[in-house]
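Heads up: the protein sequence lines correspond to chains A and B, in order. Using the UniProt record's numbering, you'd call the opening residue of the first sequence number 1 and step up by one each time. Using the UniProt record's numbering, you'd call the opening residue of the second sequence number 1 and step up by one each time. Every residue gets a Cβ at the ideal spot worked out from N, C-alpha and C, and that includes glycine.
Number of protein chains: 2
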Amino acid sequence: SASYRRNMFLKKTLTMDTLNPQVKAVEYAVRGPIVIKAGEIEKYLEEGGTKPFSEVIKANIGDAHAMGQQPITFLRQVVALCTFPELMDSPSFPEDAKWRARRILQGCGGHSLGSYSASPGVECIRKDIAAYIEQRDEGVPSDWENIYLTTGASDGIMTILRLLVSGKDSSRTGVMIPIPQYPLYSAAISEMDAVQVNYYLDEDNCWALDINELYRAYQAAKLHCQPKVICIINPGNPTGQVQSKKCIEEVLHFAYEENLFVMSDEVYQDNVYTPDCQFHSFKKVLYEMGPEYFNSVELASFHSTSKGYTGECGFRGGYMEVINMDPEVKAQLVKLLSVRLCPPLAGQAAMDVIVNPPQPDEHSYKQFHQEKSSVLGALADKAKLTEQILNAVPGIKCNPVQGAMYAFPRIFIPPKAVEEAKALGMQPDMFYCLRLLEETGICVVPGSGFGQKDGTYHFRMTILPSIEKLKVLLGKVRDFHISFLKEYSALE
Amino acid sequence: SASYRRNMFLKKTLTMDTLNPQVKAVEYAVRGPIVIKAGEIEKYLEEGGTKPFSEVIKANIGDAHAMGQQPITFLRQVVALCTFPELMDSPSFPEDAKWRARRILQGCGGHSLGSYSASPGVECIRKDIAAYIEQRDEGVPSDWENIYLTTGASDGIMTILRLLVSGKDSSRTGVMIPIPQYPLYSAAISEMDAVQVNYYLDEDNCWALDINELYRAYQAAKLHCQPKVICIINPGNPTGQVQSKKCIEEVLHFAYEENLFVMSDEVYQDNVYTPDCQFHSFKKVLYEMGPEYFNSVELASFHSTSKGYTGECGFRGGYMEVINMDPEVKAQLVKLLSVRLCPPLAGQAAMDVIVNPPQPDEHSYKQFHQEKSSVLGALADKAKLTEQILNAVPGIKCNPVQGAMYAFPRIFIPPKAVEEAKALGMQPDMFYCLRLLEETGICVVPGSGFGQKDGTYHFRMTILPSIEKLKVLLGKVRDFHISFLKEYSALE
Ligand SMILES: Cc1ncc(COP(=O)(O)O)c(C=O)c1O
Ligand SMILES: Cc1ncc(COP(=O)(O)O)c(C=O)c1O
């Protein structure tokens with residue numbers, strides 16, 4: 001019969017051969033093989049299996065609540081009030097949360113969190129964000145019409161790249177990214193078929209951005225693509241450095257000279273721990289460089305509800321501020337955002353609380369302030385502790401965790417272990433991290449997932465577990481590392 | 001000076017000339033020029049300006065809450081409990097809502113809605129969805145590992161297309177879509193540089209899908225691209241038809257024969273109004289065609305929290321079920337989802353309530369059931385009313401609104417008006433809709449934004465306003481249309 005005949009030749013429509021090759025090219029280590037393995041081990045333990053450890057500790061992803069961090073009460077009160085406005089009548093909710101919720105709902109169609117917002121976001125939230133930025137940047141003007149709410153920072157970053165990337169062959173768009181990087185960037189670049197242009201951060205100098213390296217990378221890239229955009233992550237993920245004002249000036253001057261669009265990923269702007277470091281927004285530094293710069297350099301900066309002291313990843317809230325964008329292009333941006341309709345309203349509401357927190361004269365101020373300081377204080381302690389314990393291990397060297405939520409220590413992997421990994425067709429640091437997982441239950445991400453100088457090896461771990469758990473974790477890493485060195489050392 | 005020299009040649013990096021041309025090619029009428037105009041008029045009225053009307057009625061977008069529809073209480077209770085678990089102690093929340101919220105939180109990292117979920121969604125919600133589908137489809141098996149939560153259906157549709165679209169020149173992927181269509185499809189196709197392959201729905205036959213037309217479109221497309229996927233919207237947007245089982249069988253047979261991936265957009269599955277129509281899921285029909293079909297045709301179907309009786313657009317909840325996908329490709333799908341981390345957790349929770357609503361023996365059943373029936377009953381009334389009033393207007397012909405949330409009447413536009421529109425460089429139906437907006441304050445979308453047979457004109461309006469408002473709206477449309485005909489008729 002016809003269908004029998006057809007079946008003899010049956011092939012799926014969508015196979016590894018027909019799949020969009022740009023999707024195939026995407027690499028995404030943060031949720032890659034090691035995390036899948038960790039999940040399997042977790043299931044195995046749950047089902048009564050035994051291992052040399054009793055639980056898997058996931059230090060692979062910057063997911064604060066999953067590590068036990070408690071939500072900021074005020075933020076959740078406002079979002080709950082928006083979700084279920086009947087609570088406005090409840091005496092257990094404070095007035096300052098209620099008026100914020102009322103104001104947000106007034107900005108929503110039908111006064112409901114269930115309606116689509118305008119594609120760039122709810123107007124009053126955009127205005128609150130602009131006011132917040134002005135305050136953060138000590139008076140540098142911010143226009144609310146330059147603010148676009150997003151579905152997490154991820155969405156904003158992908159959207160801006162989508163506008164920028166085009167061309168074929170030697171006219172393909174080059175996107176400059178730091179190495180090591182947060183792998184959203186390399187994944188987006190693969191997916192969009194752009195050219196990844198690596199500039200290496202200087203590990204010997206606390207992962208600082210070296211301007212000469214920028215020029216080198218740019219000149220080399222110009223030979224085979226059109227570099228159009230430079231991405232910076234500050235504070236850095238996975239590297240934890242906080243950029244100095246001078247360094248930011250240099251980057252902006254470089255972008256100005258070479259006519260590059262600047263994307264500054266500032267999702268960790270509230271996560272700065274060391275007293276000698278301070279967060280400087282790219283926008284403020286640009287402003288201080290004078291109108292010549294401030295009125296010309298095209299800059300998009302990104303923020304998120306997922307990090308900071310709130311850690312509200314699941315809300316998928318975020319915003320971007322875009323300055324000096326051509327007005328016609330802006331209309332195209334809005335069109336593109338419109339196709340996906342709008343960012344989630346609960347995430348928009350959560351963002352609003354972050355930019356419009358309780359003020360000293362408000363009822364909720366004290367509790368809010370306590371909760372915020374406690375989260376940030378603990379993170380600072382854990383940053384310090386992580387650096388100290390790791391640096392005491394022979395064969396591990398860890399730069400100070402100045403900001404963000406990760407340590408990215410360099411690990412010495414003995415040549416014998418490198419050989420063994422290669423024989424298994426594996427990156428040496430992947431081999432190392434898999435062994436660490438199998439033997440201790442600790443899940444971290446190999447440095448190769450973020451990029452690193454050839455011949456150097458790292459892993460990324462978050463500093464998010466509670467201080468007790470973190471101590472246990474670091475102790476296990478130390479013991480593992482020492483026995484790993486012993487096992488593969490030529491001396492044995 | 002150097003910067004002065006530079007400035008003389010100053011050009012932005014991102015201009016209409018350098019913008020990704022695929023973004024430029026995107027068209028998106030639902031939030032296009034007419035909606036921008038409507039916003040301007042609204043502002044003008046707010047600021048005290050005068051018009052021949054006192055308010056703008058936005059019938060351009062399927063946004064139920066914005067039109068005054070009230071949320072389903074139970075859904076909001078569950079989401080509020082998830083958001084602010086302190087409410088678990090409140091006696092004003094029913095136990096059936098509490099246990100659902102507890103169960104969802106148990107599936108979340110750190111029992112918090114603020115953690116990232118696994119990229120395909122919270123496991124217990126995926127399981128609830130699979131159970132729901134099995135029940136809906138009267139026992140057809142559904143595997144929870146084939147379920148992926150999404151950020152609204154839009155996100156799921158874009159993601160599946162992203163996997164499928166590839167190739168250059170004559171090997172570019174062809175995507176078959178109905179005309180008229182929901183413009184997310186044409187926008188995604190432009191953005192991804194695929195080839196849009198139109199198959200025309202049969203207006204004279206209640207917008208039914210005609211299988212001969214499918215073959216025609218397919219054969220024609222094969223000459224210049226590789227058609228790999230067919231998209232169906234059932235119930236239809238903007239056309240409101242509900243497909244018969246026989247017609248779905250024909251489509252599936254066609255896809256089977258021609259080896260096409262099937263995308264069935266079933267976001268309006270709960271929105272069926274006429275007694276002679278019934279929703280049949282593509283999956284169930286495929287199952288009933290026998291294992292030969294059920295085990296081979298690759299099918300992705302999409303659902304959303306935005307439509308149905310909940311209308312929770314702002315939550316950006318949705319899911320897709322994908323069957324017969326190559327396991328290796330599935331791993332690629334998960335990788336792609338991982339780059340954006342996860343769908344919003346509040347949207348996932350809302351989806352869970354939709355697939356796991358109160359049962360007859362539960363406390364909240366009665367109220368839930370009342371609210372649900374009241375929304376769906378009112379929609380059925382409004383569907384009928386809209387069709388009747390429009391069909392009584394000379395020069396307007398409207399097919400029955402069997403399902404979904406829109407009427408898509410055909411309008412006669414006199415040749416003189418067509419000429420005038422063309423002289424203005426405008427589509428005639430855009431000209432018509434702009435006049436309608438200017439004169440009555442009613443905002444509808446021109447048929448050209450969805451596609452229509454050459455020489456025919458339509459507009460799309462939602463049936464979502466309250467029955468009183470809808471009557472006013474339809475009366476104004478009638479009066480406007482009659483005077484428009486008079487103005488441009490040769491007889492005048
Ligand atoms: C540097 C950086 N940018 C962006 C993101 C994306 O976060 P989200 O999409 O949750 O806002 C992350 C998340 O870890 C990040 O570390
Ligand atoms: C046919 C159809 N598909 C998909 C969508 C997308 O809806 P959402 O992304 O809100 O789930 C819509 C919205 O109107 C629609 O009408």
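Quick one: complete beta strand (DSSP E) runs, 3+ long, within the segment 149-232 of chain A?
Fully enclosed beta strand (DSSP E) runs of 3 or longer: 173-179 and 195-200.
Do the segment 49-56 of chain A and the segment 293-306 of chain A make contact, defined as three or more Cβ pairs closer than 8 Å?
no
Residues near V355 (chain B) in its chain [Cβ-Cβ closer than 6 Å; skip 5 each side]:
Excluding sequence neighbours, V355 (chain B) sits near D128, I129 and Y132.
Who are the near neighbours of L14 (chain A) in its chain, counting only those whose CB is closer than 8 Å to its CB and skipping five residues on each side?
No residues qualify anywhere along the chain.
Pick from A:M405, A:Y116, A:G311 and A:H280 that is closest to R136 (chain A), judged by C-alpha positions:
A:H280
With 16 as the cutoff for other CB atoms within 10 Å, does D155 (chain A) come out buried or exposed?
buried
Please report how far the alpha carbon of M461 (chain B) lies from the alpha carbon of M405 (chain B), in whole angstroms.
8 Å
So is the beta-carbon of A350 (chain A) under 7 Å away from any non-hydrogen atom of ligand 1?
no
With a cut-off of 8 Å, do at least 3 Cβ pairs link the segment 70-87 of chain A to the segment 346-362 of chain A?
yes
Cross-chain neighbours of V175 (chain A) in chain B, by beta carbon under 8 Å:
What V175 (chain A) touches in chain B: nothing, since even the nearest Cβ is about 12 Å away.
Against chain A, with Cβ distances strictly below 8 Å, would R5 (chain B) count as a contact?
Because R5 (chain B) carries a pLDDT of 43, less than 50, the predicted location of this residue cannot be relied on, and no value is offered for it.
Is A300 (chain A) near ligand 1, in the sense that its beta carbon is under 7 Å from a heavy atom of that ligand?
no
Between the beta-carbon of Y309 (chain A) and the beta-carbon of V242 (chain A), is there less than 8 Å?
The answer is no: Cβ separation not under 8 Å.
Rounded to whole angstroms, what is the Cα-Cα separation between P358 (chain A) and A101 (chain A)?
Straight-line Cα distance between these residues: approximately 13 Å.
Identify which residue in A:N391, A:A380, A:T50 and A:F315 has its Cα closest to the Cα of A349 (chain B).
A:F315
In the DSSP output, what is E321 (chain B) paired with across the bridge?
B:I147 and B:S301
Please list, in chain order, all residues of the same chain as G311 (chain B) whose beta carbon is under 6 Å from its beta carbon, the five residues on each side excluded.
A64, H65 and Q69
Is G62 (chain B) close to ligand 2? I mean its beta-carbon at under 7 Å from any heavy atom of the ligand.
Yes, the beta carbon of G62 (chain B) sits closer than 7 Å to at least one heavy atom of ligand 2.
Tell me whether K58 (chain B) sits in a helix, a strand or coil according to DSSP, three-state version.
strand
Comparing C-alpha positions only, which one of B:A29, B:A331, B:E321 and B:M158 sits nearest to W144 (chain B)?
B:E321
Classify D137 (chain A) as helix, strand or coil using the three-state DSSP reduction.
coil
Whose C-alpha, out of B:V197, B:E203, B:I442 and B:I233, is nearest the C-alpha of K222 (chain B)?
B:V197
Beta carbon of A80 (chain B), beta carbon of L87 (chain A): below 8 Å?
Yes.
How about the segment 107-124 of chain A and the segment 277-292 of chain A: do they share at least three Cβ pairs that are nearer than 8 Å?
Between the segment 107-124 of chain A and the segment 277-292 of chain A, the count of Cβ pairs shorter than 8 Å is below three; the stretches do not touch.
Is any non-hydrogen atom of ligand 1 found closer than 7 Å to the C-beta of Y182 (chain A), if you look at the structure I gave you?
yes
Is A407 (chain A) near ligand 1, with its Cβ less than 7 Å from a heavy atom?
Result no, Cβ not under 7 Å from ligand 1.
Considering only the beta carbon of each residue, do G447 (chain A) and D429 (chain A) sit closer than 8 Å?
G447 (chain A) places its beta carbon less than 8 Å from that of D429 (chain A).
What are the boundary residues of the alpha helix (DSSP H) that includes D429 (chain B)?
P428 to T440
Listed by chain order, chain A residues near V165 (chain B) by CB distance under 7 Å
N20
Residue range of the beta strand (DSSP E) that includes R460 (chain A):
Looking at the DSSP string, the run of the beta strand (DSSP E) that includes R460 (chain A) is F459 to T462.
For H458 (chain A), which of A:I177, A:I160 and A:C398 has the nearest alpha-carbon?
A:C398
At least one CB of chain A closer than 8 Å to the CB of E328 (chain B): is that the case?
yes
In chain order, which continuous runs of the alpha helix (DSSP H) of length 4 or greater are located wholly inside the segment 11-70 of chain A?
Restricting attention to alpha helix (DSSP H) runs no shorter than 4 residues, the segment 11-70 of chain A encloses them at 21-25 and 33-46, ordered along the chain.
If you drop the 5 nearest sequence neighbours on each side, which residues of the same chain put their C-beta closer than 8 Å to that of Q208 (chain A)?
In the sequence as presented, Gln is not what sits at residue 208 (chain A); that position holds Ala. L201, D202, Q241, Q243, S244 and C247, listed in sequence order.
I want to verify the contact list: residues of chain B whose CB lies under 7 Å from the CB of P71 (chain A), in sequence order.
S112 and G114
With a threshold of 7 Å (Cβ to nearest heavy atom), would I233 (chain A) be considered close to ligand 4?
Among the ligands modelled here, namely ligand 1 and ligand 2, ligand 4 does not occur.
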